[in-house]
Amino acid sequence: MKRFLKFIPAVVLVGSLLSAFTVVDKTAVKCLIQLTNYTGEGAYLIVSIVDADNEYVETLYVQGKDSEWYSEITEWWKFYGKHRPNIDAISGETISGGERALNVLQIPNDKIDQGYNLRFETSVEDQGYYADDIQFPLTTENLKTKVEGKGFIRYVRMLPQ
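Residue numbers -20 to -1, 1 to 141, in mature numbering (1 follows the signal peptide of the UniProt record, and there is no 0), belong to the letters of the sequence shown in order.
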């Protein structure tokens, strides 16, 4: 019995290490974002996965690195402001009116075709905020499409890699 008890900590340690380094399968998707022609400051843009109840699940990309302004993106801030995960690896500079940006989104496979949505939020200083500039079901088919925006985004084109 004593021999058995000596192995319990080792088994727990090995199990913990294996579960800590479990890799989630992800699909890389190129995302071309074209903004409308507007004048003024660069747009802050958030790409997130939301569930069927529009609750945030994960932030995929943040266009705009000055965290001082994140609270102006009110719906996302309710989620991000509570948890404050490190987003350095998934953030880039703001883009201005008429410009475009090409980013690679790493989308978890377990969220595709499972009732989740991809949401693009935009905010421009002194000009407005669109909580769902673009929002569409996160399906395999939609990851190969072009979607028109209703705010600062003219369109988003998804290109599977």
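Virtual Cβ for every residue (Gly too), placed ideally from N, Cα, C.
Residue pairing from DSSP places Lys126 in a beta bridge opposite Arg137.
Secondary structure note for Lys45: it is in no beta strand (DSSP E), with a DSSP letter that is neither H nor E. Under the DSSP assignment, Ala8 falls in the beta strand (DSSP E) whose first and last residues are 6 to 15. Within the DSSP bridge table, the entry for Gln115 names Arg99 as partners. DSSP, read as helix, strand or coil, puts Glu38 in strand.
In the three-state scheme derived from DSSP, where H, G and I count as helix and E and B as strand, Gly108 is classed as strand. Distance check between Val9 and each of Gln86, Gly129, Val127 places Gln86 closest, using alpha-carbon atoms only.
For Tyr24, the uninterrupted beta strand (DSSP E) segment begins and ends at 24 to 30. Rounded to whole angstroms, the separation of the alpha carbons of Val30 and Lys91 is 10 Å. In terms of Cα proximity to Ile133, the closest of Ala32, Ala81, Ser28 is Ala81. Judged by DSSP secondary structure, Ile87 falls within the beta strand (DSSP E) whose first and last residues are 80 to 88. A straight-line Cα-Cα distance of about 10 Å links Glu55 and Asn34. Here the C-alpha atom of Asn97 lies approximately 15 Å from the C-alpha atom of Cys11. Val104 sits close to Tyr18, with the two beta carbons spaced by under 9 Å.
Counting the other CB atoms within 10 Å of its CB gives Thr74 a total of 16 or more, which places it among the buried residues. Scanning its chain for C-beta atoms nearer than 7 Å, with the 5 sequence neighbours on each side dropped, one finds around Ile114 the residues Phe100, Val127, Gly129, Ile133, Val136, in chain order.
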